[in-house]
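Enquirer: Numbering (the working numbering), first residue to last: 4 to 80. Please read through the structure below; I'll follow up with questions.
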């Protein structure tokens with residue numbers, strides 16, 4: 004299912020992060036869902052949705068996780 008905000012034309016602040024699930028899984032190797040939620044300024048239930056692939060985060064929500072764990076993310080090219 005494609006959402007309007009998943010398109011390349013979406014504004015930068017509303018763009019969904021393609022690797023949300025992978026980044027959250029990496030972060031959860033060291034942090035709890037509650038800790039991830041606080042870093043991303045969302046609820047724990049939102050983090051659970053990201054973890055299970057029910058939704059994707061906006062780019063700006065994952066800024067802190069990308070700073071801490073982005074180097075461990077293996078992106079598909």
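We put the beta carbon where it would ideally sit given N, CA and C, even for glycine. Just so you know, these numbers come straight off a predicted model, no measurement behind them.
Look at the Cβ atom of residue 28, then the Cβ atom of residue 54, and state whether they are nearer than 9 Å.
Expert: Against a cut-off of 9 Å, the Cβ pair of residue 54 and residue 28 comes out as a contact.
Enquirer: Can you list, in chain order, the residues of its chain whose CB lies under 8 Å from that of residue 59, leaving out five sequence neighbours each side?
Expert: Cβ neighbours of residue 59 beyond the five flanking positions: 9, 19, 20, 21, 23, 24, 53.
Enquirer: At 4 residues or longer, and completely inside the stretch 14-58: list those alpha helix (DSSP H) runs for me, N to C.
Expert: If we require 4 residues or more, the alpha helix (DSSP H) runs fully inside the stretch 14-58 come out as 23-30, 36-43, 47-54.
Enquirer: By the 10 Å Cβ neighbour count, where 16 or more other Cβ atoms means buried, how is residue 76 classified, buried or exposed?
Expert: Exposed is the call here.
Enquirer: Please name the residue in 71, 44, 33 whose C-alpha comes closest to that of residue 63.
Expert: Answer by Cα proximity: 44.
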